[in-house]
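Chains as they are written, first to last, in the numbering used here: chain R, 653 to 1488; chain E, 2 to 86.
Below is one structure, written out as structure tokens; comments come after it.
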């Protein structure tokens, strides 16, 4: 009990909590994670609930913490993981302390940031000014150059300098602009001022920090000379438009020098102040980083508790909170204990009351998994959550899944690679888990590590049976085939076939797996392997489906659907046995009956020929003939039949199997109808029997028998029957994918070997070694990427389909809903992932 | 009929031990049922798979068609001397 075969028994409970104790009790339950609360105020919206204020305060705290975290990240300060145990949910009164702490931290940080920004802006301005003074000095020096002056005179002419009878006085502005804006700026100036301004610019080599975004930007210093006030306003406007910052720049060299000195000292002062501000900020953040994870956990826990409390109903006296919850029946004790702990912690004197409730509702499905079974359970859930207390396919999937995968992936080498990878992940489980690698593909692989390990191990086994390791064979036990051709025959014939009906075959098969000789027989290996693999695909498939149908028997017995056993399970299994299992039997008969008869090799004796390879019938043709009541024209001296009385038995089987169809089709509607009549006659007394929606195996009272619409039952049954009958045929054929993928895998592996590694192994001198080195890299890359990863993925998907469609369709309804307990662990996990 | 007693017994007994005997000694605890199912199914699938491979070769209907070089190599390495002539 309590294991994975069926979902847990659940009970609906009512929980009375005293108002003071409610918080502590819910907190204990959250640590436990075994209780799913139901919303008792579904028509009350989120803003009208009782604890909406507390939830809002928690939201506010979370926002502050996120701000802190962002700042910590920006400074690259490592955040300490929570050492040891997760902190418990704090008492409600602690909330105020926490709020105060966060408030203080946030304010402090905001202030520091504001100050730092102002300081930085100041600093930027000063540095820009410093650069301007330095660069413009160069321009002015050039101007002052006496040789230039002459040039100026010659260029502009006497009257140019003495425009309008007064000495020409050139005005100028100096400023700083983003470097990438320079070309446009220059063009604009030229156009707007009709070429009457003179622009000089110089790049500032070191990047400057933009205080608002703290990006590094490159800027240039410019100085513009112009004449007259009109131009001056125009130039200033353009500067404004291009976001250039203008700085006052004295004309006299002495003033400039003095100003430069002043700027330098101010920069130095600012530097020290800035450094102190940064230090302060760093100290604050480091202190916060130590606790931030801890705080996050605390706040999230408080929030989760209040969210849960919001689901509760308030009792009329306001003294008591009422909750309804689903609880696994087995865990009642633990929950009671947790509640008692909660009460003690809160210091309340009235113990909480946990009442079982009777209900007609379908309880949630809860399967207790461990780290090994969880992955398999997820494969099943991906298809659909089991109906409550229905047979759970997961325990059987643990083996059948890797096995079916391995049938398609059978290769000792590739299997070993896969198993090694799986084993490494299982072995390094703890450190890998702690690393929290945030890649989706990795999470999928890591989550399925036990599946991968098992798939690898089974692939190694099937690889041994297929005798296939990177498309080569192992000859462990000694082949059963011999060469008996003499030298001259060997010299004169390129291809020679060994004859099983002679001394060539030692008449006992290779003891484990396929004989290694077949890997060497390039000419007809595929013919042999196809015949073998197709047969095993069908054999495995039929067994798998029979297993699935048997599971449905378990369900019928458990839910006490006696009629379903007779009119559904029995005809279904008979149908499968009589037709498809019979075909499997024919295969075994063929394997054991037809072949050589040891001492009489190549004999013409009629009795020996009848059981020789020559007379071996095709199973597929035999099966088709059986279904069509047809016989092939006789082929003397062979028999028409594989065993005495075959024709009669086959006819009987087919007719009987076909008779099962109407039973499946009409059986159930007939019994339902009969029962309804019975009930109508007796008044409304519940009758044991076709309680289709069998509720909870008798634990709950039987569902009220409402008369189902008979046409609906009939239609449902018709669909079900057609699905099953047609499904049996198509599903059996569907299992041939085992053969197809296995063939494809083997062929690809062979191509990789022949095209690459073989070429590398051919030459024997030392260049061959170098060549092999390169070729091996290519072959290994292809082996891992295509043969293991891609082929592995496709085999995985096909296996998944075989389980979901071919196997589970026989018994699995999958109409349940998942048990989602209130658990801090889950809440914290999901909060952690959505944030990153 | 080309069956040989030893391999059939060995492998049947081997998987029989895994699938029939071992489940009785599965460790007690909540996972006992799962361990038993795992053992039984492993034995059943592996035994069936081996059996099919074995039976498919008991009475081969065709023989391998081989290159003459491969045949010569087989004679040399698998210890079956070529006859002269």
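Every residue gets a Cβ at the ideal spot worked out from N, C-alpha and C, and that includes glycine.
Predicted, not measured: the structure shown is a model, and the values here were computed from it.
- For the C-beta of residue 1175 of chain R, the chain E residues within less than 9 angstroms are, from N- to C-terminus, 65, 66, 67, 68.
- Inclusion of residue 1458 of chain R and residue 990 of chain R in the CB contact set at 8 angstroms is not warranted, their separation being larger than that value.
- If you check each beta-carbon in the segment 1142–1164 of chain R against every beta-carbon of chain E, the ones closer than 9 angstroms belong to 1142, 1143, 1144, 1145, 1146, 1147, 1148, 1149, 1150, 1151, 1152, 1153, 1154, 1156, 1157, 1158, 1159, 1160, 1161, 1162, 1163, 1164.
- Where residue 663 of chain R is concerned, the enclosing beta strand (DSSP E) starts and stops at 662–670.
- One Cα belongs to residue 775 of chain R, the other to residue 922 of chain R, and the distance between them is close to 7 angstroms.
- Between the C-alpha atoms of residue 925 of chain R and residue 769 of chain R there is a straight-line separation of about 12 angstroms.
- In this structure residue 700 of chain R is exposed. Its beta-carbon is surrounded by fewer than 16 other beta-carbon atoms within 10 angstroms.
- DSSP, reduced to helix, strand and coil, places residue 725 of chain R within a helical segment of the structure shown.
- Under a criterion of Cβ atoms nearer than 7 angstroms, the residues of chain R adjacent to residue 42 of chain E are, in order, 1048, 1051, 1052.
- DSSP, reduced to helix, strand and coil, places residue 858 of chain R outside both helices and strands of the structure shown, so it counts as coil.
- Per DSSP, residue 899 of chain R lies in no alpha helix (DSSP H) segment; the continuous beta strand (DSSP E) that holds it begins and ends at 897–899.
- For residue 62 of chain E, the nearest beta carbon of chain R is closer than 8 angstroms to its own beta carbon.
- Rounded to the nearest whole angstrom, the C-alpha separation of residue 872 of chain R and residue 896 of chain R is 10 angstroms.
- Per DSSP, the continuous alpha helix (DSSP H) segment holding residue 69 of chain E begins and ends at 69–78.
- At least one beta carbon of chain R lies nearer than 8 angstroms to the beta carbon of residue 8 of chain E.
- For residue 978 of chain R, the enclosing beta strand (DSSP E) stretches over residues 972–980.
- Ranking R:791, R:1184, R:865 by CA distance to the CA of residue 908 of chain R puts R:791 first.
- Taking one beta carbon from each stretch, the segment 967–987 of chain R and the segment 16–28 of chain E have fewer than 3 pairs nearer than 8 angstroms; the two do not touch.
- Annotation: the continuous alpha helix (DSSP H) that includes residue 1085 of chain R extends over 1081–1087.
- Residue burial annotation: residue 1066 of chain R is buried, with at least 16 other C-beta atoms found within 10 angstroms of its C-beta.
- Put simply, of R:937, R:1314, R:675, R:1174 the residue whose alpha carbon is nearest the alpha carbon of residue 68 of chain E is R:1174.
- Cβ proximity to chain E below 7 angstroms picks out 1113, 1114, 1117 from the segment 1098–1119 of chain R.
- Taking a cut-off of 8 angstroms on C-beta distances, the segment 1053–1063 of chain R touches the segment 1098–1110 of chain R, as three or more cross pairs fall below it.
- Taking 8 angstroms as the threshold, the shortest C-beta distance from residue 1166 of chain R to chain E falls below it.
- According to the DSSP assignment, residue 826 of chain R belongs to the beta strand (DSSP E) that extends over 822–830.
- A Cβ-Cβ distance of about 12 angstroms is found for the pair residue 761 of chain R and residue 717 of chain R, leaving them out of contact under the 8 angstroms criterion.
- Taking a cut-off of 8 angstroms on C-beta distances, the segment 1077–1094 of chain R does not touch the segment 1114–1124 of chain R, as fewer than three cross pairs fall below it.
- Residue environment: residue 959 of chain R is assigned as buried (16 or more neighbouring CB atoms within 10 Å of its CB, all protein chains considered).
- In the displayed model, residue 58 of chain E falls within coil according to three-state DSSP, outside both helix and strand.
- Shown here for residue 1267 of chain R: same chain residues with a beta carbon closer than 6 angstroms to its own, the five before and five after excluded, namely 1290 in chain order.
- Per DSSP, residue 839 of chain R is one residue of the alpha helix (DSSP H) stretching across 834–844.
- A residue is called buried once 16 or more other Cβ atoms fall within 10 Å of its Cβ, and residue 1246 of chain R is buried on that count.
- A straight line joining the alpha-carbon of residue 1069 of chain R with that of residue 1440 of chain R spans about 8 angstroms.
- A residue is called buried when at least 16 other Cβ atoms come within 10 angstroms of its Cβ; residue 865 of chain R does not meet this threshold and is exposed.
- Contact with chain E is absent for residue 1387 of chain R, since none of that chain's Cβ atoms lies less than 8 angstroms from the residue's Cβ.
- With a cutoff of 8 angstroms on beta-carbon distance, residue 673 of chain R and residue 1204 of chain R are scored as not near each other.
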